[in-house]
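Chemist: Mapping of the sequence shown onto UniProt numbering: residues 1 to 398, in sequence order. What follows is a single structure, and I will ask about it in a moment.
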Amino acid sequence: MKNFQPPRPITLAQDTISLRELQQTADWMMAGNRLTKAEETVAFEEEFAAWMGSKHAVFVNSGSSANLLMIYAAREAGRLRNNKVIAPAVSWVTTVSPLIQFGFDVRLCDCDPVNLGLDLEHLEQLCKDEAPAMLILVHVLGHANHMKAIQDICDRYDVLLLEDSCEALGSVSGGRKLGCHGAAGSFSFYYGHHISTIEGGMVVTDDSELHQVMLSLRSHGWSRDLNPTLRDQLQLDHNIDDFRNLYTFYYAGFNLRSTDLQAFIGRQQILKLDDICRVRARNFDTYAEELHGYYSQDSETDLLSSFAYGTLVENRMDVFEHLRAQQIECRPLICGNIARHPFWIRHYGREVLPNADLIHDYGIYLPNHHNLSTADVLSVAGTFKAVAQPKTMRDRAA
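This is how it looks when you write it as structure tokens:
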């Protein structure tokens, strides 16, 4: 059998911050600029919103905090008619954990067998049975959910839609970037994601009122970051003078701020983001062609800014050990089924979700990032095929 030993270790991710950008950042720091949140943060937010095609963006200290912020802001803005929420079974811990921490009544939706987003039939049934006020979805590994159908369901059942797009920065569906289809969308700028600000995240929204609530919640709940008209109205409504307003808290807020240092890095990252997305899309296509016969995600995307290449194998531990021996990193296909994690079981008990259970037991993802060449992808695919036994989604994928 041909040896597909890669010429170098192939990691799941490589830093998107270049040496040149580090030098620019060092020069900016040494010039005496303020490092904590100030003008650079505002500029980064404006530039990111423009790149996304959204009206507003709020920079925070992580993608997890971005989820926390948009979920709590929906409640504080009075957008929820009850305490019931639907979340995806195939997601991430900090997609779901804020819902539990805030005391929501959470129901999990099984995954679609093709794009691994929400299963439409199960979603509709949950909306009929539970009458939820809010839905948060995840675009798994950069693939779009069935967005038009999900929006139609949300409209019919009066459900507020949030998008966890932390794995989907730059993916486009229906002419709009993912994260811009619902009331708000979250992104992560952690090492290993499409771009990095060391740590960091962003929420985008077209809802100006929700944006103002998030600005306040991000910084303890005070009003100093709000637009002057709203700030003055809050002072008038609560009879607060200008001095007392410096430390008056209108919401039970957090401190989720990032820094101007990280915003400066982020502004440099945006300049190359289009190229990063194109390379990730190219690599996904190469994997799909080379791994014909293995399970492959598919979705209705105009551009797939792939986070990683997900597939299913019968002998996952064998594949893991073989890839590791060849210095190739891999991971489980994100969380598998959230309902099988200890934190969920302690709150809700065990739950069978057939498609998500298949992902939990057989899912694996392979590296994809902007520094992988086509030759690298071919090497990974060849090494994988040397031992991997295909697993399908059974008849559900038909």
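For each residue, glycine too, the CB sits at the ideal point set by N, CA and C.
Could you tell me the alpha carbon to alpha carbon distance between Asp207 and Ala183, rounded to whole angstroms?
Modeler: Mapped onto the sequence shown, residue 207 falls at position 207. Mapped onto the sequence shown, residue 183 falls at position 183. So the two alpha carbons sit approximately 7 Å from each other.
Chemist: Hey, how far is the Cα of Met1 from the Cα of Tyr295?
Modeler: Indexing the sequence shown from 1 puts residue 1 at position 1. Indexing the sequence shown from 1 puts residue 295 at position 295. Low per-residue confidence applies at Met1: pLDDT is 42, beneath 50, and the placement is therefore not dependable enough to give any value.
Chemist: Which residues mark the beginning and the end of the alpha helix (DSSP H) in which Phe320 is found?
Modeler: Residue 320 sits at position 320 when you count from the first residue of the sequence shown. Phe320 -> alpha helix (DSSP H) spans Arg316 to Ala325.
Chemist: Using the beta-carbon count (16 or more within 10 Å), is Phe104 buried or exposed?
Modeler: Taking the first residue of the sequence shown as position 1, residue 104 is located at position 104. The residue in question, Phe104, is buried, as its Cβ has 16 or more Cβ neighbours within 10 Å.
Chemist: Considering just the uninterrupted stretch of the alpha helix (DSSP H) at Ile338, what are its terminal residues?
Modeler: Looking up residue 338 in the sequence shown gives position 338. It is not in any alpha helix (DSSP H) - Ile338 carries neither H nor E in the DSSP assignment.
Chemist: Which value, in whole angstroms, describes the spacing of the CA atoms of Gln297 and Ile364?
Modeler: Within the sequence shown, the letter at position 297 stands for residue 297. Within the sequence shown, the letter at position 364 stands for residue 364. If I take the Cα positions, the gap works out to 12 Å.
Chemist: Where are the alpha helix (DSSP H) runs, 4 residues long or more, that stay fully inside the segment 135-186, in chain order?
Modeler: Here the runs fully enclosed are 147-157.
Chemist: Leaving out five residues on either side along the sequence, give the residues of the same chain with a beta carbon under 6 Å from the beta carbon of Ala157.
Modeler: In the sequence shown, the residue the question calls residue 157 occupies position 157. Sequence check: residue 157 is Tyr here, not Ala. Excluding residues within five positions, the ones whose Cβ falls inside 6 Å are Cys127.
Chemist: So who's on the other strand from residue 475, going by DSSP bridges?
Modeler: Any answer about residue 475 is impossible in this case: the structure gives the chain only from 1 up to 398.
Chemist: With DSSP as the reference, please indicate the residues paired to Ile198 in a beta bridge.
Modeler: Translated into positions along the sequence shown, residue 198 becomes position 198. BP columns for Ile198 are empty, so no partner.
Chemist: Starting from the Cα of Val138, find the closest Cα among Gln125, Glu121, Thr197 and Glu163 and give me that residue.
Modeler: Working through the sequence shown from its first residue, we reach residue 138 at position 138. Looking at the Cα atoms, Glu163 is the closest of the given residues.
Chemist: Specify the secondary structure class of Val90 as computed by DSSP and reduced to three states.
Modeler: For this step, residue 90 is matched to residue 90 along the sequence shown. Of the three classes helix, strand and coil, the one that applies to Val90 here is coil, per DSSP.
Chemist: State the CB to CB distance for the pair Gly192 and Ala168, rounded to an integer number of angstroms; the pair is presumed to be in contact (CB under 8 Å).
Modeler: Position 192 of the sequence shown holds residue 192. Position 168 of the sequence shown holds residue 168. About 14 Å separates the two Cβ atoms, so there is no contact after all.
Chemist: So, are the CB atoms of Ser65 and Tyr190 less than 8 Å apart?
Modeler: Translated into the one-based positions of the sequence shown, residue 65 becomes position 65. Translated into the one-based positions of the sequence shown, residue 190 becomes position 190. No, Cβ-Cβ distance for Ser65 and Tyr190 is not below 8 Å.
Chemist: Bridge partners of Gly363, per DSSP?
Modeler: Here residue 363 refers to the residue found at position 363 of the sequence shown. In DSSP, Gly363 forms a bridge with Leu312.
Chemist: Which residue's Cα is closest to the Cα of Leu303: Phe48, Leu68 and Lys177?
Modeler: In the sequence shown, counting from the first residue as 1, residue 303 sits at position 303. The residue with the shortest Cα to Cα distance from Leu303 is Lys177.
Chemist: Among residues of its own chain, excluding the 5 on either side of Gln327, which ones have a beta-carbon nearer than 8 Å to its beta-carbon?
Modeler: Position 327 of the sequence shown, counting from 1, holds the residue named residue 327. So the qualifying residues of the chain are Pro6, Arg8, Pro9 and Ile10.
Chemist: What distance in whole Å lies between the Cβ atoms of Met214 and Ala73, which are believed to be in contact at a cut-off of 8 Å?
Modeler: As a working note, residue 73 is residue 73 in the sequence shown. As a working note, residue 214 is residue 214 in the sequence shown. Ala73 to Met214, Cβ: 5 Å. Contact.
Chemist: What residue does the alpha helix (DSSP H) around Asp279 start on, and which one ends it?
Modeler: The residue labelled residue 279 in the question sits at position 279 within the sequence shown. Just to set this straight, residue 279 is Val in the shown sequence, not Asp. Its alpha helix (DSSP H) spans residues Leu273 to Glu290.
Chemist: Going by other Cβ atoms of all chains shown within 10 Å of its Cβ, with 16 needed for buried, is Tyr247 buried or exposed?
Modeler: Here residue 247 refers to the residue found at position 247 when the sequence shown is read from its first residue. The residue is exposed, with fewer than 16 neighbouring Cβ atoms inside 10 Å.
Chemist: Let's see if you can read the secondary structure: which residues bound the alpha helix (DSSP H) around Cys111?
Modeler: The count along the sequence shown starts at 1 and reaches residue 111 at position 111. Neither: Cys111 is in no alpha helix (DSSP H) and is coded neither H nor E.
Chemist: Which parts of the segment 39-103 are runs of the alpha helix (DSSP H), unbroken and 4 residues or longer, counting only runs that do not cross its ends?
Modeler: Correct list: 39-52, 63-76 and 93-101.
Chemist: Spatial neighbours of Asn227 within its chain, please: CB distance less than 8 Å, with the 5 preceding and 5 following residues excluded, ordered by chain position.
Modeler: On the sequence shown, residue 227 is found 227 positions in, with the first residue counted as 1. Once the five neighbours on either side are set aside, the close Cβ partners of Asn227 are Gln212.
Chemist: So, at 7 Å on beta carbons, what are the nonlocal neighbours of His122 in its own chain, with the 5 sequence-adjacent residues on each side left out?
Modeler: Here residue 122 corresponds to residue number 122 of the sequence shown, with the count starting at 1. So the list reads Cys109 and Asp110, once near-sequence residues are dropped.
Chemist: Sort Thr229, Ser196, Gln14 and Trp344 by Cα distance to Gln268 and report the nearest one.
Modeler: Residue numbering aside, residue 268 sits at position 268 when the sequence shown is read from its first letter. Nearest option by C-alpha distance: Ser196.
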